[in-house]
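A.B. asks:
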């Protein structure tokens, strides 16, 4: 079960190369999360360590509001950051956009989450260029939620409530609410790996697909008939 060619080891131990990753943020927490995620991925796809990792963060615009308030706006922000990072570093192998957002539900609970988007510029087909995944969601304390509804960015609302400074550059809201059991870095890291599934297990992910992600009825039937004994 083969991964994407960019994640496959060299033919020999001497055949080393560098995997260049552009991150659409200079926030140390986000850059470190991307580096940790790709290090974990390469440990599984390149056990002989023929690939070295080079991760660089860039100031990349999200082109959405400073505090995205919907699922779709948050996802768009992550896509825009990944696209911008790829444009800034044209020779990158992957570009990653991370965007945190919040969503109010019908019961008045404000949920915090984030979208991770990975762009592989060398892929021609649009359906194979993008890897997307979402973090788990958790409810915000009522006071933080109320401040956000007043137009305060979540990171600042967090600082006000917890009496910290620049919390969004460290453990973040998820960190303080879980006593760092789930740090902000780990929160992002797992979702980045999930966004990479189509690249980590390319052969499995696209099995039976014709070109992009399309599957014909005949192909599906052939797999079903082959499974039935």
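In the numbering used here, the protein residues as written are 1104 to 1332. Glycine included, every Cβ here is placed at the ideal spot set by N, Cα and C.
#1: Pairs of beta-carbons, one from the region 1298-1311 and one from the region 1221-1237, closer than 8 Å: are there three or more?
#2: Checking the sheet assignment: what are the DSSP bridge partners for residue 1236?
#3: Could you confirm whether any beta carbon from chain C is found closer than 9 Å to the beta carbon of residue 1158?
#4: For residue 1123 versus residue 1194, is the C-beta spacing smaller than 9 Å?
#5: What's the gap between the Cα of residue 1213 and the Cα of residue 1199?
#6: Quick check: the region 1157-1169 against the region 1221-1231, are there 3 or more CB pairs under 8 Å?
#7: Would you check whether the ligand HEM has a heavy atom nearer than 8 Å to the C-beta of residue 1172?
#8: Of the residues 1128, 1126, 1111, which one's Cα is nearest the Cα of residue 1120?
#9: Run the CB neighbour count on residue 1141, radius 10 Å, all protein chains shown included, and call it buried at 16 or more, exposed below.
#10: By the DSSP assignment, the beta strand (DSSP E) with residue 1141 in it spans what residues?
#11: Measure the CB-CB distance between residue 1215 and residue 1242 and report whether it falls below 9 Å.
#12: Starting from residue 1292, follow the alpha helix (DSSP H) in both directions and report where the run begins and ends.
#13: Which residues does DSSP pair with residue 1283 in a beta bridge?
#14: Short of 7 Å in beta carbon distance, which residues of its chain neighbour residue 1304, apart from the five on each side in sequence? Order them along the chain.
#15: Rounding to the nearest angstrom, what Cα-Cα distance links residue 1286 and residue 1181 in this structure?
#16: At the level of alpha carbons, what is the spacing between residue 1083 and residue 1177?
#17: Distance check for residue 1302 and residue 1328, CA to CA, integer angstroms please.
#18: With the cut-off set at 9 Å, would you say residue 1132 and residue 1258 are in Cβ contact?
#19: Could you compute how far the alpha carbon of residue 1317 sits from the alpha carbon of residue 1324?
#20: Taking DSSP as the reference, what is the three-state secondary structure of residue 1265?
#21: Where does residue 1108 land, buried or exposed, given buried means 16+ other C-beta within 10 angstroms?
C.D. replies: Well, looking at it:
#1: yes
#2: 1219
#3: In the displayed structure, chain C is absent; only one protein chain is listed.
#4: yes
#5: 26 Å
#6: no
#7: This structure does not include the ligand HEM; it has no bound ligands of any sort.
#8: 1111
#9: buried
#10: No beta strand (DSSP E) contains residue 1141, which is instead part of the alpha helix (DSSP H) from 1131-1148.
#11: yes
#12: 1287-1298
#13: Its beta-bridge partners do not exist; DSSP assigns none.
#14: 1104, 1106
#15: 20 Å
#16: The structure shown does not extend to residue 1083, since the chain is modelled only from 1104 to 1332, so the question has no answer here.
#17: 28 Å
#18: no
#19: 14 Å
#20: helix
#21: exposed
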